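For the sequence shown, the UniProt record's numbering begins at 1 and goes up steadily by one. From the three backbone atoms N, C-alpha and C, an ideal C-beta is built for every residue, glycine too. Just so it is clear, the structure is predicted and the values come from calculations on it, not from any experiment. What follows is a short report on a single structure.
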Amino acid sequence: MSTYYWPAGSTAEGSYDTVVTPESAGWGYSGLKVLALEPSGTATFTTGDAEALVLPLSGSCTVICDGETFEVQGRRNVFSRVTDFVYVPRDAEVTVTSASGGRFALPSAKCERRLPARYGPAENVPVELRGSGQASRQVNNFCTPETFEADKLIACEVITPGGNWSSFPPHKHDEAKDGEAELEEIYYFEVSDPAGFAWQRVYGTPERPIEVSEEVRSGDVVVIPHGWHGPSAAAPGYDLYYLNVMAGPGADRAWLISDDPAHGWVRSTWTPEDLDPRLPLSSAVEKEGDDA
Numbered sequence: 001m002s003t004y005y006w007p008a009g010s011t012a013e014g015s016y017d018t019v020v021t022p023e024s025a026g027w028g029y030s031g032l033k034v035l036a037l038e039p040s041g042t043a044t045f046t047t048g049d050a051e052a053l054v055l056p057l058s059g060s061c062t063v064i065c066d067g068e069t070f071e072v073q074g075r076r077n078v079f080s081r082v083t084d085f086v087y088v089p090r091d092a093e094v095t096v097t098s099a100s101g102g103r104f105a106l107p108s109a110k111c112e113r114r115l116p117a118r119y120g121p122a123e124n125v126p127v128e129l130r131g132s133g134q135a136s137r138q139v140n141n142f143c144t145p146e147t148f149e150a151d152k153l154i155a156c157e158v159i160t161p162g163g164n165w166s167s168f169p170p171h172k173h174d175e176a177k178d179g180e181a182e183l184e185e186i187y188y189f190e191v192s193d194p195a196g197f198a199w200q201r202v203y204g205t206p207e208r209p210i211e212v213s214e215e216v217r218s219g220d221v222v223v224i225p226h227g228w229h230g231p232s233a234a235a236p237g238y239d240l241y242y243l244n245v246m247a248g249p250g251a252d253r254a255w256l257i258s259d260d261p262a263h264g265w266v267r268s269t270w271t272p273e274d275l276d277p278r279l280p281l282s283s284a285v286e287k288e289g290d291d292a
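This is the structure we're talking about:
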């Protein structure tokens, strides 16, 4: 297994298809597990020193935490709907049950404050259309600093139409300085068809080298401790989804990035009129008759 690219199944443990911990990634804060439940399946876990979310990738579930019960409608898959979710605090016991079965992402971040368990309605998730032309993509900002309170955790979903590029211009967030925050990042990928694929690029500086240039498919993970990351390129005909999980040591929960100066000029060429007309690919309303 590559230091930074972890193929689908390579980190599986028991009921979890994917397990990324701060320890396995070699950093301090960000984590991700993907829980797979059979129909009527149940899993109970403790959060320890990390806050987390229960975010359906497919299926619905019931979440019990701190004596409260949350009913999560979920979705058929990551391309069919913007989903609702549940925030669970550190030092909690959490039980997830799914009557029909499903897969549930558990993005997490080690943190200090213990906030209350809460439900996040899909209707409250801001859907941002970002970029232009073949750099057009959709960003579901369900747990970003401006949209949902957490102590350290930052998470969002990006959906890129087939043939488009996202995470572009390449950018980084590995230094605490004016206009940039220090954040570790996980990319978890899914593609709209089992035959589909995409491409992920990460590269560093002479002082902090890193090199990733990988074909990615559903269930693959790329961990980014530092360096410029992007593009994430979706092959024509195959829409690309990725879940971004970020956290870092900063006192302020801020998502601040620096563009690679060699490519940042591209932003000045974007106009709203050139946005890909296929967007948005999803909303809080489940698509009818969509098998993607």
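| Asked | Found |
| --- | --- |
| Of all the options Leu153, Glu214 and Ile154, which has the alpha carbon lying nearest to the alpha carbon of residue 293? | Nothing about residue 293 can be reported from this structure: the residues present for the chain run from 1 to 292 only. |
| How long is the line joining the alpha carbons of Asp276 and Leu32, rounded to whole angstroms? | 31 Å |
| So, with DSSP's three-state summary, where would you put Ala122? | helix |
| Grouping DSSP H, G and I as helix and E and B as strand, with all else coil, what is Gly133? | helix |
| So, is Trp265 buried or exposed, given that buried needs 16 or more other C-beta atoms within 10 angstroms? | exposed |
| So what does DSSP say about Pro7, is it helix, strand or coil? | coil |
| When we look at the beta-carbon of Thr144 and count the other beta-carbons within 10 Å, is it buried (16 or more) or exposed? | buried |
| In the DSSP assignment, find the unbroken alpha helix (DSSP H) run with Ser24 in it and report its ends. | Pro22 to Ala25 |
| DSSP state of Trp255, grouped into three classes? | coil |
| With a threshold of 8 Å on Cβ separation, who are the neighbours of Ala12 within its own chain once the five nearest residues in sequence on each side are excluded? | Thr18 and Val19 |
| So for Pro206, helix, strand or coil by DSSP? | coil |
| Identify every residue that forms a DSSP beta bridge with Gln138. | Leu129 and Ile159 |
| Assuming contact is defined by CB atoms lying nearer than 8 Å, are Ser108 and Glu38 in contact in what I supplied? | no |
| Run the CB neighbour count on Glu273, radius 10 Å, all protein chains shown included, and call it buried at 16 or more, exposed below. | exposed |
| Starting from Arg75, follow its DSSP beta bridges and name the residues at the other end. | Gly59 |
| Per DSSP, what kind of secondary structure is Glu182 in: helix, strand or coil? | coil |
| What does Asn244 pair with, by DSSP beta-bridge criteria? | Cys156 and Tyr187 |
| Name, in chain order, the residues that DSSP records as bridge partners for Val86. | Val54 and Tyr119 |
| Which first and last residues belong to the beta strand (DSSP E) in which Arg103 is found? | Gly102 to Lys110 |
| Please report the distance separating the alpha-carbon of Arg75 from that of Thr160. | 18 Å |
| Please confirm whether Lys110 and Lys172 have their CB atoms less than 8 Å apart. | no |
| Would the segment 127 to 140 count as touching the segment 53 to 73 if we require 3 or more Cβ pairs under 8 Å? | no |
| Measuring CB atoms only, is the segment 205 to 222 touching the segment 189 to 196, in the sense that at least three cross pairs come out at less than 8 Å? | yes |
| With distances taken Cα to Cα, identify the nearest neighbour of Pro89 among Gly227, Arg114 and Phe189. | Arg114 |
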